[in-house]
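Novice: Before anything else, here's the structure in question.
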């Protein structure tokens, strides 16, 4: 069982019915333009990031900052949910998660190591976890208490800031204080232990990392992202992480 702290939405996430018809007179030259135009007109709350073809005829995957949906090429119908593919060799394949995993992997590869708070093993690094964390989250604190055990297993933890309440909140300020500290590792450890840490300010990555987490589908903390791009939501004890990361193979 996974345990995590849910994010307080900064905006109301749009819920789209399983199937619906969008009426629009938009004339676009191709399916991608048509889909973008219709969504911009009919559902402006969605922040469309990418539109691409799928293996299904006339079905397009639409990745937004909030969720992934699928639309017909004429932009008349859309549905939310997970797309599955039946494969003779691999069985049931989660196509939606595959795409999201690639997106997460590529996005995290572009994050500078200097912008993360990293806890590394003293010996060989066998696996790396990117963890979106909130200093005020109880399960994030519980995960942090296991840092020594994780490091001893060869797990490197790269922290990214995800104060669930967003800018202007106490958690957001605590994240800035930790990331701007002269010793971020010590600061975030003390903060997660409930200590007050000095107010600091600097050219910090907190806002950028919070928005990145939203774009990658983080909805609660801790959110652990494996090197494959797979997301594991919620707290896991070291023994469970050892199995998930297949460290004994």
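Residue numbers (mature numbering (1 follows the signal peptide of the UniProt record, and there is no 0)): -28 to -1, 1 to 221. Positions of the beta carbon are idealized from the N, C-alpha and C atoms, including for glycine.
Going by beta-carbon coordinates alone, are residue 183 and residue 87 separated by less than 9 Å?
Specialist: Numbered from 1 along the chain shown, position 211 holds the residue referred to as residue 183. Numbered from 1 along the chain shown, position 115 holds the residue referred to as residue 87. The answer is no: Cβ separation not under 9 Å.
Novice: In this structure, what does DSSP give as the bridge partners for residue 63?
Specialist: Translated into positions along the chain shown, residue 63 becomes position 91. Answer by DSSP bridge pairing, in chain order: 59.
Novice: Taking 8 Å as the line, does the beta carbon of residue 3 fall inside it for any heavy atom of the ligand HEM?
Specialist: Summarising the ligand content, the structure contains no ligands, and the ligand HEM is consequently not present.
Novice: In angstroms, rounded to a whole number, what distance separates the CA positions of residue 64 and residue 58?
Specialist: Here residue 64 refers to the residue found at position 92 of the chain shown. Here residue 58 refers to the residue found at position 86 of the chain shown. Spanning the two alpha carbons is a distance of roughly 5 Å.
Novice: Start and end of the beta strand (DSSP E) containing residue 133?
Specialist: To locate residue 133, count along the chain shown from 1; it is residue 161. Run containing residue 133: 127 to 133, per the beta strand (DSSP E) assignment.
Novice: Beta carbon of residue 197, beta carbon of residue 76: below 9 Å?
Specialist: Taking the chain shown and counting its residues from 1, one reaches residue 197 at position 225. Taking the chain shown and counting its residues from 1, one reaches residue 76 at position 104. In this structure, residue 76 lies closer than 9 Å to residue 197 by Cβ.
Novice: Using the C-alpha atoms, what's the distance from residue 26 back to residue -7?
Specialist: Walking along the chain shown from the start, residue -7 turns up at place 22. Walking along the chain shown from the start, residue 26 turns up at place 54. Per-residue confidence for residue -7 stands at a pLDDT of 46, beneath the threshold of 50, marking its modelled position as unreliable; no derived number is given.
Novice: So, for residue 159: in the same chain, excluding its five sequence neighbours on each side, which residues have a beta-carbon less than 6 Å away from its beta-carbon?
Specialist: As a position in the chain shown, residue 159 is number 187, starting the count at 1. Only 150, 153, 169 meet the Cβ criterion.
Novice: When DSSP labels each residue in this structure, what does residue 189 get in the three-state scheme?
Specialist: Looking up residue 189 in the chain shown gives position 217. Coil.
Novice: Going by the beta-carbon positions, is the gap between residue 20 and residue 32 smaller than 9 Å?
Specialist: The sequence position of residue 20 within the chain shown is 48, counting from 1. The sequence position of residue 32 within the chain shown is 60, counting from 1. Contact: no.
Novice: Is the region 43 to 59 touching the region 198 to 209 in the sense that three or more CB pairs, one from each, lie closer than 8 Å?
Specialist: These segments do not touch.
Novice: Could you check what DSSP says for residue 116 in three-state terms: helix, strand or coil?
Specialist: To locate residue 116, count along the chain shown from 1; it is residue 144. Residue 116 falls in the helix class under three-state DSSP.
Novice: Tell me whether the region 96 to 111 and the region 123 to 142 touch, counting them as touching only if at least three CB pairs, one residue from each stretch, are closer than 8 Å.
Specialist: Yes: the two stretches touch, three or more of their Cβ pairs being nearer than 8 Å.
Novice: Beta strand (DSSP E) containing residue 99: first to last residue?
Specialist: In the chain shown, counting from the first residue as 1, residue 99 sits at position 127. Unbroken beta strand (DSSP E) run through residue 99: 99 to 105.
Novice: Is the beta carbon of residue 16 less than 9 Å from the beta carbon of residue 112?
Specialist: Stepping through the chain shown from its first residue, residue 16 is reached at position 44. Stepping through the chain shown from its first residue, residue 112 is reached at position 140. No, the Cβ-Cβ distance between residue 16 and residue 112 is not below 9 Å.
Novice: Give me, in chain order, the residues of the same chain whose beta-carbon lies closer than 7 Å to that of residue 165; leave out the 5 immediate sequence neighbours on both sides.
Specialist: For the purposes of this step, residue 165 is taken as the residue at position 193 of the chain shown. If we look at residue 165 and ignore the five residues flanking it on each side, it has no Cβ neighbours.
Novice: Leaving out five residues before and five after residue 141 in sequence, what residues of the same chain have Cβ atoms less than 8 Å from its Cβ?
Specialist: In the chain shown, the residue the question calls residue 141 occupies position 169. Contacts found: 135.
Novice: Return the Cβ separation of residue 107 and residue 157 in integer angstroms, given the expectation that the two are a contact with Cβ distance under 8 Å.
Specialist: Taking the chain shown and counting its residues from 1, one reaches residue 107 at position 135. Taking the chain shown and counting its residues from 1, one reaches residue 157 at position 185. Not a contact, Cβ separation roughly 13 Å.
Novice: On the DSSP bridge assignment, give the partners of residue 204 in chain order.
Specialist: Against the chain shown, residue 204 aligns to sequence position 232. DSSP output for residue 204 lists 196 as bridge partner(s).
Novice: Shortest alpha-carbon distance to residue 45 belongs to which of 89, 83, 2, 144?
Specialist: As a first step, residue 45 is located in the chain shown; it is residue number 73 there, counting from the start. Looking at the Cα atoms, 2 is the closest of the given residues.
Novice: Hey, would you say residue 90 sits closer than 9 Å to residue 68, going by beta carbons?
Specialist: For this step, residue 90 is matched to residue 118 along the chain shown. For this step, residue 68 is matched to residue 96 along the chain shown. The answer is no: Cβ separation not under 9 Å.
Novice: What three-state label does DSSP hand residue 167 in the structure shown?
Specialist: Position 195 of the chain shown, counting from 1, holds the residue named residue 167. Coil.
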